[in-house]
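Heads up: the structure comes next, in structure tokens.
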Amino acid sequence: MLNWIVTFFILAVIAAFFGFTGLAGTFAEIAKFIAVIFVVLFVASLVYRMITGRSANPPL
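Residue numbers (the working numbering): 127 to 186.
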């Protein structure tokens, strides 16, 4: 998920450099949205681990 954030951020910077400000804004918004989802899932995982004492890894 962090790879996606970095990818969209780099795409936003490249698009802004070439003058595609609308596209750069879209890429930046996507990166922010994915970052928020990442933080929410990370905090939920921490809370789950604190409550149960075990990780949230599903069985393979």
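Beta carbons are placed, not taken as given, at the ideal position from N, Cα and C, and that holds for glycine.
{"query": "In angstroms with no decimal places, state the Cα-to-Cα distance between I156 and F135.", "result": "9 angstroms"}
{"query": "Between the Cα of A150 and the Cα atoms of A161, I160, L137, which residue gives the shortest distance?", "result": "L137"}
{"query": "Around the Cβ of F168, are there at least 16 other Cβ atoms within 10 angstroms (buried) or fewer (exposed)?", "result": "exposed"}
{"query": "Mind reading off the beta-carbon distance from I131 to A161? Whole number of angstroms is fine, and I expect it under 8 angstroms.", "result": "5 angstroms"}
{"query": "Once DSSP output is grouped into helix, strand and coil, what is the label at R175?", "result": "helix"}
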